[in-house]
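Worksheet: one structure, shown below.
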Amino acid sequence: GQQVMQIPQYQHVQEGEDFTTYCNSSTTLSNIQWYKQRPGGHPVFLIQLVKSGEVKKQKRLTFQFGEAKKNSSLHITATQTTDVGTYFCAGLGSTDKLIFGTGTRLQVFP
Amino acid sequence: SQTIHQWPATLVQPVGSPLSLECTVEGTSNPNLYWYRQAAGRGLQLLFYSVGIGQISSEVPQNLSASRPQDRQFILSSKKLLLSDSGFYLCAWSARGWRGRNHEQYFGPGTRLTVT
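So the protein sequences, as listed, match chains D and U. Using this note's numbering, the final residue of the first sequence is 110, and nothing's skipped along the way. Using this note's numbering, the final residue of the second sequence is 1116, and nothing's skipped along the way.
The structure is reproduced here in C-alpha cells:
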C-alpha cells in the first residue's frame, strides 16, 4: 500500500541552527500537507502544497513540493524553542485518503 | 468558527471492559470525520472515516468500531478492550470537497487511553 516516510526520525539542534525534515512517498501525491504536534498536544495544520515544484514560506518555515510530486521538505531557519514538536507530512494519493508520514521529532536546546 | 470536542481527555480502563469515546464538531455542516490512533512517540494510524451519517469506512481490522448517529457526532467503541488498544485517540474533521479532496484536517484535543 501507499507509504509516506519521513527522515530523520529525531533531530536535536541548538537554538539558532537550521532544521530540515524530508518526506518521501511511494506514489505520486495529489497534494501534500504539513502538520505540527507540540508535546502532549494534537496535530495542527500548517500548510498545503498542490503544484509540482511549489515553494511556500511562513516566516522562518519554508515548504517545498518536489517536481515529481513524490517528495516534500520543511526547512526551519534559525530554530527557536517554540519550534519544538513533531512535524508530520501527509499526502493525498490515489486512495483519496490522507496518509500521514512517520513524523520527525524536533528538540531545540537553548 | 468551527470547534471540535473530544471526551474524556484521559481514560484508564481494565482489559475486557467496554469503551466509548465521543467526538462532536460545531460550526460546520456535512464534515468528513476521522478517528486516528497514535501510539506513544509514533505516527498517526487512521482507524475510521465517515463522509456522512451512518457511513463508516474501516481502515484497520481490529476490535474497535465507529458510528455516526448525527451529522456532527462521531463515536468510537469497543466491546472488550485489549492491552494493545492503549494510545492517544484523535478525532478530526475536514470540509467536504470534491470526493473529499484537498482539504486540511482539524484535530480535536484527543483522549489518552490506558488499558491495564
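The beta-carbon is built from N, C-alpha and C at its ideal position, and this holds for glycine as well.
For Ile1053 of chain U, no beta strand (DSSP E) encloses it, and the DSSP letter there is neither H nor E.
The straight-line gap separating the alpha-carbon atoms of Thr104 of chain D and Ala78 of chain D is approximately 17 Å. Within the same chain, Asp18, Phe19, Arg60, Leu61 and Asp83 come within 7 Å of Ile76 of chain D by CB-CB distance, once the 5 residues on both sides are set aside. Going by DSSP, His75 of chain D is part of the beta strand (DSSP E) stretching over Asn71 to Ile76.
Using a 10 angstroms sphere on the CB of Leu1090 of chain U, the tally of other CB atoms reaches 16 or more, which defines it as buried.
Interface residue (Cβ-Cβ distance to chain U less than 8 Å): Pro110 of chain D is not classified as such. Shown here, Thr104 of chain D sits in a strand according to DSSP, grouped into three states. For Arg1068 of chain U, the number of other beta carbons within 10 angstroms of its own is at least 16, and it is reported as buried. Annotated three-state conformation of Leu1081 of chain U is coil, per DSSP. For Pro1109 of chain U, same chain residues with a beta-carbon under 7 Å away, outside a window of 5 residues either side, are Gln1006 and Ala1009 in chain order.
A check of alpha carbon separations from Ser1058 of chain U across U:Gln1073, U:Thr1111, U:Pro1018 and U:Leu1033 identifies U:Leu1033 as the nearest. Around the beta carbon of Tyr10 of chain D, fewer than 16 other beta carbons sit within 10 angstroms, so the residue counts as exposed. Per DSSP, the continuous beta strand (DSSP E) segment holding Val1012 of chain U begins and ends at Thr1010 to Gln1013.
Within chain D, the residues whose beta carbon sits less than 7 Å from that of Leu1046 of chain U are Lys97, listed in sequence order. The continuous beta strand (DSSP E) containing Val13 of chain D extends over residues Tyr10 to Gln14. Boundaries of the beta strand (DSSP E) around Arg1112 of chain U: Thr1111 to Val1115. Contact annotation: Gln33 of chain D and Ala90 of chain D have beta-carbon atoms nearer than 8 Å.
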